Amino acid sequence: MWGIIPAAGLGSRIQPLAFSKELLPVGSRLDNGVERPCAVSEYLVERMIHGGADKICFVISPGKSDIMEYYGASYGSASIAYVVQPKASGLCDAIFQAAPLIPPDESVIVGLPDTVWFPEKALAELPDGTLSFLLFPVDNPQVFDAVVLDDAMQVQEIQVKREDASSRWIWGAFKMPGHILEALRKLWLSRDRQDEYFGTLVNAYLTQGGQALGVKAGESYVDVGTLHGYRSAIGLLSEAAQHDTITGARVALGWPAGRLPRGLHDLSRE
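In structure tokens form, the structure reads like this:
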């Protein structure tokens with residue numbers, strides 16, 4: 001299974017930074033009993049691996065070589081590849097840059113690298129063989145993509161950043177087989193690549209007879225792309241770390257291949 005991580009955005013809401021927003025230190029890992037900071041995108045990478053991904057593709061802009069340096073060739077049990085999006089042209093364009101890598105019969109997960117959410121293994125609840133969305137309840141659905149479902153949990157509409165959003169459930173990640181990804185890419189091309197947001201493209205897909213499923217397996221979701229979201233993520237992780245029954249509060253699959261613990265201070269002296 002593949003995971004696609006769109007990481008080519010400028011991160012203008014949380015600038016100025018001296019590095020890619022996906023590498024913003026949020027939370028920690030334990031290294032021989034010593035707490036070390038980790039990048040916010042590591043939470044998504046770990047959750048994708050827990051969801052079954054063994055190959056992960058970062059879609060980066062030409063100036064984001066620091067992501068390649070940080071992650072290297074692997075993370076945990078997953079191999080990592082990189083695809084370049086020549087210019088920032090929206091989420092749909094970013095996702096479809098990776099489409100040539102995905103076989104028709106292989107599943108693919110897509111998530112956002114500047115988010116932190118629980119439970120960490122929620123992606124495992126998404127079914128194979130169809131387009132499905134992992135949903136989270138929020139108090140401010142108007143700033144996200146709210147998902148309207150029928151009684152059978154079929155997606156009826158995705159309300160993209162609408163002030164009058166009628167659902168408090170938003171998507172935080174989604175999964176589909178490669179052949180549906182290709183069908184969506186062809187639909188996007190036929191619409192002259194005008195869909196910047198994935199939600200508007202999915203609405204067109206549904207209008208043409210496509211189907212999608214919503215899975216309410218998410219419990220908490222924070223967008224770390226703003227200072228307010230950053231503070232909220234720190235609070236969420238700190239609270240979760242105090243409960244032994246909540247996993248995923250700290251990154252736990254080890255170091256990225258590009259960040260092996262070389263050159264660190266002697267742990268015994270810290």
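Just so you know, we're using UniProt numbering here: the sequence shown kicks off at 1 and counts up by one.
Note that CB positions come from ideal geometry on N, CA and C, so glycine has one too.
Remember, it's a predicted structure, so these values are computed and weren't measured experimentally.
Would you call the segment 145-162 and the segment 40-58 in contact, with 3 or more CB pairs under 8 Å?
no
Just curious, the beta strand (DSSP E) that ARG36 is in, first and last residue?
Here residue 36 refers to the residue found at position 36 when the sequence shown is read from its first residue. Where ARG36 is concerned, the enclosing beta strand (DSSP E) stretches over 34-39.
Could you check whether the Cβ of ASP31 sits closer than 7 Å to any heavy atom belonging to the ligand FAD?
The ligand FAD is absent from the structure shown, which contains no ligand whatsoever.
Within the same chain, show all residues whose beta-carbon is closer than 6 Å to that of GLY3, passing over the 5 residues directly before and after it, in chain order.
Taking the sequence shown and counting its residues from 1, the one referred to as residue 3 is at position 3. For GLY3, where only same-chain residues beyond five positions count, the Cβ hits under 6 Å are MET48, ALA53, ILE56, ILE109.
Suppose contacts are defined by Cβ-Cβ distances below 8 Å. Is PRO119 in contact with GLU219 by that definition?
Translated into the one-based positions of the sequence shown, residue 119 becomes position 119. Translated into the one-based positions of the sequence shown, residue 219 becomes position 219. Their beta carbons are under 8 Å apart, which means PRO119 touches GLU219 by this criterion.
Would you mind working out which of PRO177, PHE144, ASP105, TYR197 sits nearest ALA212, comparing C-alpha positions?
Here residue 212 is taken as the residue at index 212 of the sequence shown, counted from 1. ALA212 has its Cα closest to that of PRO177, out of PRO177, PHE144, ASP105, TYR197.
Run through the DSSP bridge pairs and tell me what GLN85 is partnered with.
Counting from one through the sequence shown, the residue named residue 85 turns up at place 85. Beta-bridge pairing links GLN85 to no other residue.
For SER268, count neighbouring C-beta atoms within 10 Å of its own C-beta (all shown protein chains included) and say buried if the count is 16 or more, exposed if not.
As a first step, residue 268 must be located in the sequence shown, where it is residue number 268. Note that SER268 has pLDDT 46, beneath the 50 cutoff, so the model's placement of it is unreliable and the number below is only indicative. Looking at its Cβ environment, which holds fewer than 16 other Cβ atoms inside 10 Å, SER268 is exposed.
What's the gap between the Cα of ASN203 and the Cα of ASP195?
Indexing the sequence shown from 1 puts residue 203 at position 203. Indexing the sequence shown from 1 puts residue 195 at position 195. Distance between the alpha carbons of ASN203 and ASP195 is about 10 Å.
Count the other CB atoms, across all protein chains shown, that sit within 10 Å of the CB of PRO6; report buried if there are 16 or more and exposed otherwise.
Numbered from its first residue, the sequence shown carries residue 6 at position 6. PRO6 should be labelled buried.
Going by Cα to Cα distance, which pick from GLY72, LEU237, LEU24 is closest to ARG259?
The residue you call residue 259 lines up with position 259 of the sequence shown. Nearest option by C-alpha distance: GLY72.
Measuring CB to CB, does VAL40 end up less than 8 Å from GLU69?
Position 40 of the sequence shown, counting from 1, holds the residue named residue 40. Position 69 of the sequence shown, counting from 1, holds the residue named residue 69. No, the pair does not count as a contact, with Cβ atoms beyond the cut-off.
Could you pull the DSSP bridge partners for VAL26 from this structure?
Start at 1 with the first residue of the sequence shown, and residue 26 comes out as number 26. BP columns for VAL26 are empty, so no partner.
Taking TRP171 and LEU123 to be in contact with their CB atoms under 8 Å, please state how far apart those CB atoms are, rounded to whole angstroms.
Looking up residue 171 in the sequence shown gives position 171. Looking up residue 123 in the sequence shown gives position 123. The Cβ separation is near 12 Å, so there is no contact.
Nearest to ALA249 by alpha carbon, out of LEU30, LEU227, VAL148?
For this step, residue 249 is matched to residue 249 along the sequence shown. Closest option to ALA249, Cα to Cα, is LEU30.
For the putative contact between ALA8 and ALA94, defined by C-beta atoms under 8 Å, what is the C-beta separation to the nearest angstrom?
Along the sequence shown, read from residue 1 onward, the residue named residue 8 stands at position 8. Along the sequence shown, read from residue 1 onward, the residue named residue 94 stands at position 94. Confirmed, about 5 Å.
For a test of the three-state rule: what should DSSP assign to TRP255, helix, strand or coil?
As a first step, residue 255 must be located in the sequence shown, where it is residue number 255. TRP255: coil per DSSP, three-state reduction.
Between GLN85, SER77, TYR75, ALA78, which has its C-alpha nearest SER65's C-alpha?
In the sequence shown, the residue the question calls residue 65 occupies position 65. Nearest of GLN85, SER77, TYR75, ALA78 to SER65, Cα basis: GLN85.
For a quick check, are the C-beta atoms of THR115 and VAL222 less than 8 Å apart?
By one-based count along the sequence shown, residue 115 stands at place 115. By one-based count along the sequence shown, residue 222 stands at place 222. Cβ distance < 8 Å, so THR115 and VAL222 count as in contact.
When the Cα of PHE198 is compared with those of VAL215, LYS216, LYS175, which residue comes out closest?
Indexing the sequence shown from 1 puts residue 198 at position 198. Selected option, being the one with the closest Cα: LYS175.
In the DSSP assignment, what are the bridge partners of ALA173?
Reading the sequence shown from its first residue, position 173 is the one you call residue 173. Partner residues in the beta bridge of ALA173, as assigned by DSSP, are GLY111, LEU134.
Checking the sheet assignment: what are the DSSP bridge partners for PRO127?
Counting from one through the sequence shown, the residue named residue 127 turns up at place 127. PRO127 pairs with nothing; no bridge assigned.
Can you tell me which of LEU206, ALA173, GLY63 puts its alpha carbon nearest to the alpha carbon of ALA183?
Indexing the sequence shown from 1 puts residue 183 at position 183. Minimum Cα distance to ALA183 is reached at LEU206.
Report yes if the CB atom of LEU253 is closer than 8 Å to the CB atom of TYR75, and no otherwise.
Here residue 253 corresponds to residue number 253 of the sequence shown, with the count starting at 1. Here residue 75 corresponds to residue number 75 of the sequence shown, with the count starting at 1. Cβ atoms of LEU253 and TYR75: closer than 8 Å.
Go ahead and pull the three-state DSSP assignment for ASP195.
The count along the sequence shown starts at 1 and reaches residue 195 at position 195. Three-state DSSP puts ASP195 in coil, outside helix and strand.
Grouping DSSP H, G and I as helix and E and B as strand, with all else coil, what is GLN208?
Here residue 208 corresponds to residue number 208 of the sequence shown, with the count starting at 1. It is coil, neither helix nor strand.
When DSSP labels each residue in this structure, what does VAL224 get in the three-state scheme?
Here the question's residue 224 lines up with position 224 in the sequence shown. It is coil, neither helix nor strand.
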